[in-house]
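Chains as they are written, first to last, in this note's numbering: chain F, 1278 to 1512; chain H, 86 to 851.
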Amino acid sequence: MKFGVVRFPGSCDEVDALHAARRVGDAELIWHAERDLKAADAIVVPGGFSYGDYLRAGAIARFSPAMESVIAFARDGGLVLGICNGFQVLCEAGLLPGALLVNTNLRFTFRQLQLDVVHADTAFTRACGVSANVDADADGQPRLSIPAKHSWGRYYADADTLDAMEQAGQIVLRYAAGQNFNGSLHDIAGVCNGAGNVFGMMPHPEHAVDELIGGSVDGLKIFESMRLAVEGARQ
Amino acid sequence: MAIQDSRSDTKPAAGVDAPLPTVEDALALGLTRAEYELVCAKQGCAPNLLELAMYSLLWSEHCAYKHSKKLLRTLPTDGEHVVMGPGENAGAVDVGGGLVCAFKVESHNHPSAVEPFQGAATGVGGILRDIFAIGARPIAVLDSLRFGEPGDASAGQSGSPVAGEAGSPGTPGATGTRARYLLDGAVAGIGHYGNSIGVPTVGGEVYFEAPYEHNCLVNAMALGLAPRERLVRSAAAGPGNVLVLFGASTGRDGIGGASVLASAELGSGGDGDHDKRPTVQVGDPFEEKKLLECSLELLERGLIVSLQDLGAAGLTSSAAEMASKGGVGIDLDVARVPLREPGMEPFEIMVSESQERMLCVVEPANLDAVLELCAKWEVNGSPIGEVTDSGRMRVLRDGQLVGDMSVAALVDDCPLYDLRPRKPTEALYAAPPARAGLTLQTAPRDILLAILSSPNISSRRPLFEQYDAIVQSRTVRRPEQADAAVLALPDGSALAVSIDGNGRRVAADPYTGTVEAVLECAANLACVGAQPLGTTNNLNFGNPEKPHIAWQLSESVRGLGDACRALRAPIVGGNVSLYNEGATGPIYPTPVIGMVGRLPDAARAGRLRFSGHGHEIALLGPFVPALPASELDKLRGQALPDGLPAIDIAGVRAAQLAVRDAVRSGLLDIAEGGVAVALAECALAGGVGAEVELDGSIEALFGEGPGGFLISAAPGSLDALTGAVPLIRIGTVGGEMLRISAGAHSIAVTLGQLVEAHSAFAELFA
């Protein structure tokens, strides 16, 4: 199992994502100017400020040579995880529905958050079921503790799209009650595409993989889920 | 500026002749008459405009430290952990495992007073460049901010502090408008730069005091990590080697920043300085991110001889200082510098402070590889000159000489001045306005809530939430989790870092107040279990040419030296920011101290909180609380005392050693607000109450002083500490209330009431 982590000029969390992925498999960086995805089984588009994000978050990155390959990889059913800026890039690339708007508080905000796992059976959440290692909320849904940090994280889609996504089970993660600081519609923290192989989330799972640093390992479940999905598909 | 043309009629130059500048032009650029005459003597004739502009910058206070250098030479700079001391872009200490930690604090006060967002942002950009200029990857930023009073967060309470009559921009006359505007802009600017470049902002401090109203302080500290052998110095070497400029192109922004902004008093504040906005640079963190990665890759691949960032005074100071350190000369052709706009004059190119630029020296054989790497990172690599053995700084335009100076004269021959310190005979600072209804007779519970909700004490969460504190995956203790930030190292150990400097106490007693600031930093490190390795400092003072400021400065530096010697935490670098005063007088003298330490086991880093019900609470250390210069005395409108009680530095150090080695479960040093506030902070952090009984009176509750720690631990585990250091058991953790009694005084508050008071600051952003 090998992860490829895309590195744009201006990426900030690519090394964190690389090390998080290496806790469950192999991982390698992919330079934005390269088209070769280095035989990766899954791709991570990491957080940061790709190309400075001066135009609109993710608007330039989607045109990079590496992203052309990632888009083709996703269309072929490959697993793609977008984190924060990566989520924004995937929306700009048309791989995920909706858009990320500026936070309602108009400020960059960093917080450790509680997230409800709406569907614990996707390729990105199948290791998130309630267990000795995963807490449950009042409704018995699994709950993850993962930090978020961004200025543009307010998930938006039109009402019809949102309804369709709810019906199709594409709303995978929600901010727990009282945790939605950015004003996302339907408290959306993470969504997948209709085929279920592309997933974007604003919180940073790669920053919740070590008890020592951050006090939560819940983010590891996302990477572990991807490993299970890739290895399950092989069998 | 008076300069219109840099061409000279005394030297071969392109274009038409231009008149030589006069002594009046030199005065306008900040030189004195005597300094101008000395420049003429060094040059052998009157300098042309380019030369005069370069001298005026390198001989400014900002570059030459002409009023502080003699004092700074008294500071301790050697120690077992020191790898690189003052004089390089940043200092560095050995942290084991083949790694060094580079760190430095620097100010961007005057630019931030003029334009807070860009001023603060480029302050962060500048200090980060200092770190990677010596080959270290920046791993953390901290900031130390001072503003005027922000007004009263709690509506209904009157007696809002002074300030604000010249609030700008903002509602005229609104109390605290200017302070809030500056705070908001500076915090957003720091976040913008640090967040965007992927370096976590892990700590910092903010204080609000009236003397900073017209002259805010924005100091930023950065830390970096490097393999020891990767460290690089800035000395240019090897005649025939090529000088390569890379990074952003050069424009007309920031011209004259070092002399006009950094080395003179500000005007009346606010509107008076609006015409200086063009001298503030604009930051581009994306450009710097590429510059950072490119610089580190150049070093990793061994492609460059030396490296230097472009900061104040741009190419002028970078090139001249590289040449001076290497004992060589430099020929530099301004026509080869990539420009943002056409028609820039040589002097403009030489003094531009455009951000995000670096200069390196390259052997000719490596030039192609260097330019190729610059192309990969899209950072505009351009060979602009070469190292010579002439000892001259020669500036050319299209091969024609337009300026010729001795490197030694530029860098080393600026006259140094002796200070004329004299202790002032009367108080320099007015007593703060009293909070209505707050006296020593007020119920202690209400005093506690008033202090907790005051701007200097209330929770900083609304500020630090705007910073990414976790990128790079090293942050073991985030803001508000401990007294110091803790960053994991690869071998399981950790760095701890703290920044501190209570200007009010330094104003009361420059020597003792500075000793306290250094001890406070070390106490913060002790609370997470770390031993100090080295210290950096930023000396923020008023105009040193005035005897009372000279006295503050010399006493403060004496205290800094004594405290660092006692703690064996030598000074490895720092910065001086003088002339911080305007029409309303000087700032509080504010030495900002940054200290870096190491703890052997990251997993055992201390936390600021009560954890277990039933844990014992104790006061530890030679703590003698007193009210003068305390937060409570400020709130009740007391003038500053003339002097603080003398400190038993050795006793405080012994307490810190005991704390560092102790079993740690909940630990906090007692600082602003005294024991009652420290108890409240531990209760808030742990979400659990406590019952405490203190000896004595109101001083025991709210008095301040160095050397005290609040510690909580499972029953019995404090026994190991008994005898080694003064320790008094004062109570027990538990319940939903904080109950404190001290003689006839008693306090009983719920956790909810504490939370409400402590979050008062959030309203400043409403």
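A virtual CB, placed ideally from N, CA and C, is assigned to each residue, including glycine. Values in this document were obtained by computation on a predicted structure and should not be read as measured data.
Partner residues on chain F for residue i, Cβ-Cβ distance less than 8 Å
i                      : result
residue 551 of chain H : 1384, 1385, 1386, 1387
residue 846 of chain H : In chain order: nothing, as chain F lies at least about 15 Å away.
Residue-chain proximity (residue i, chain F), Cβ-Cβ < 7 Å
i                      : result
residue 217 of chain H : no
residue 561 of chain H : yes
residue 202 of chain H : no
residue 508 of chain H : no
residue 331 of chain H : no
residue 432 of chain H : no
residue 371 of chain H : yes
Proximal residues of chain H, C-beta to C-beta of residue i below 8 Å
i                       : result
residue 1361 of chain F : Near residue 1361 of chain F there are no residues of chain H at all, since even the closest Cβ is about 10 Å away, more than 8 Å.
residue 1309 of chain F : In chain order: nothing, as chain H lies at least about 11 Å away.
Spatial distance of residue i from residue j (CA atoms)
i                       : j                       : result
residue 508 of chain H  : residue 632 of chain H  : 7 Å
residue 322 of chain H  : residue 382 of chain H  : 21 Å
residue 440 of chain H  : residue 1326 of chain F : 19 Å
residue 247 of chain H  : residue 587 of chain H  : Any reading at residue 247 of chain H is ruled out, since the residue's pLDDT is 30, under 50, leaving its predicted position unreliable.
residue 319 of chain H  : residue 182 of chain H  : 25 Å
residue 296 of chain H  : residue 664 of chain H  : 13 Å
residue 1427 of chain F : residue 131 of chain H  : 56 Å
residue 609 of chain H  : residue 681 of chain H  : 10 Å
residue 338 of chain H  : residue 689 of chain H  : 48 Å
residue 1303 of chain F : residue 816 of chain H  : 53 Å
residue 201 of chain H  : residue 1289 of chain F : 25 Å
residue 129 of chain H  : residue 494 of chain H  : 12 Å
residue 626 of chain H  : residue 843 of chain H  : 31 Å
residue 1391 of chain F : residue 1423 of chain F : 7 Å
residue 796 of chain H  : residue 803 of chain H  : 9 Å
residue 757 of chain H  : residue 1407 of chain F : 45 Å
residue 666 of chain H  : residue 198 of chain H  : 11 Å
residue 146 of chain H  : residue 158 of chain H  : 16 Å
Integer-rounded CB distance, given that residue j should sit under 8 Å from residue i
i                      : j                      : result
residue 365 of chain H : residue 540 of chain H : Not confirmed; about 26 Å, so no contact.
residue 395 of chain H : residue 443 of chain H : 7 Å
residue 328 of chain H : residue 468 of chain H : 7 Å
Any chain H beta carbon closer than 7 Å to residue i
i                       : result
residue 1372 of chain F : no
residue 1286 of chain F : yes
residue 1329 of chain F : yes
residue 1326 of chain F : yes
residue 1412 of chain F : no
residue 1293 of chain F : yes
residue 1484 of chain F : yes
7 Å Cβ cut-off: residues of chain H touching residue i
i                       : result
residue 1289 of chain F : 283, 556
residue 1498 of chain F : Per Cβ cutoff of 7 Å: no residues; residue 1498 of chain F is ~17 Å from chain H at best.
residue 1424 of chain F : 555
Buried or exposed (CB count within 10 angstroms, at least 16 for buried), residue i
i                       : result
residue 1295 of chain F : buried
residue 552 of chain H  : buried
residue 765 of chain H  : buried
residue 656 of chain H  : buried
residue 1476 of chain F : buried
residue 524 of chain H  : exposed
residue 549 of chain H  : buried
residue 716 of chain H  : buried
residue 418 of chain H  : buried
residue 639 of chain H  : buried
residue 1342 of chain F : exposed
residue 389 of chain H  : buried
Contacts of residue i in chain F (Cβ-Cβ under 7 Å)
i                      : result
residue 687 of chain H : 1489
residue 869 of chain H : What is shown of chain H runs 86 to 851, which leaves residue 869 of chain H out entirely.
residue 573 of chain H : 1489, 1490
residue 280 of chain H : 1385
Cross-chain neighbours of residue i in chain F, by beta carbon under 9 Å
i                      : result
residue 463 of chain H : 1286
residue 374 of chain H : 1286, 1287, 1288, 1289, 1325, 1326, 1329
residue 695 of chain H : The premise fails here: residue 695 of chain H is roughly 17 Å from chain F at the closest Cβ pair, so nothing lies under 9 Å.
Contacts that residue i makes with chain B (C-beta to C-beta distance below 9 Å)
i                       : result
residue 1296 of chain F : In the structure shown, chain B cannot be found, because the protein chains are F and H.
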